[in-house]
Amino acid sequence: MNHLLTLASRPFIDPIELHTQWYLLLIPMAFFASLAYKAVRVWDVKTLPRQVLAMTLQVILAMAGLGLAVYIFVEVALPLIAPK
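Sequence positions in the sequence shown follow our numbering and run 666 to 749.
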């Protein structure tokens with residue numbers, strides 16, 4: 666019976682190895698969050714695909730901008746503020 670448990674999927678115990686491609690998960694996450702948000706907020710369903718894509722791009726660009734801002738802060742500004 667124990668050998669059957671090792672074949673089972675255990676997503677929180679054994680997650681998939683995406684350590685080198687973690688940033689690619691931002692695209693579907695942003696898309697589905699935008700779809701869920703706009704599905705509730707949009708008045709005209711005909712404009713839903715355009716608004717979902719626009720919000721998806723906004724989320725992806727905002728995350729990239731925040732990542733760049735944190736990188737600049739940690740690598741440039743922080744050593745100037747608190748030198749070793």
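The beta-carbon is built from N, C-alpha and C at its ideal position, and this holds for glycine as well.
Between Leu713 and Ala704, is the Cβ-Cβ spacing less than 8 Å?
Translated into positions along the sequence shown, residue 713 becomes position 48. Translated into positions along the sequence shown, residue 704 becomes position 39. Closer than 8 Å, so yes.
Along the chain, where does the alpha helix (DSSP H) that runs through Ser699 open and close?
The residue given as residue 699 occupies position 34 in the sequence shown. Where Ser699 is concerned, the enclosing alpha helix (DSSP H) stretches over 691-706.
Where the alpha helix (DSSP H) through Leu683 begins and ends
Taking the first residue of the sequence shown as position 1, residue 683 is located at position 18. Neither: Leu683 is in no alpha helix (DSSP H) and is coded neither H nor E.
My understanding is that Leu690 touches Leu700, with C-beta atoms under 8 Å, so please give their C-beta distance in whole angstroms.
As a working note, residue 690 is residue 25 in the sequence shown. As a working note, residue 700 is residue 35 in the sequence shown. At roughly 16 Å, the Cβ-Cβ gap does not stay under 8 Å, so Leu690 and Leu700 are not in contact.
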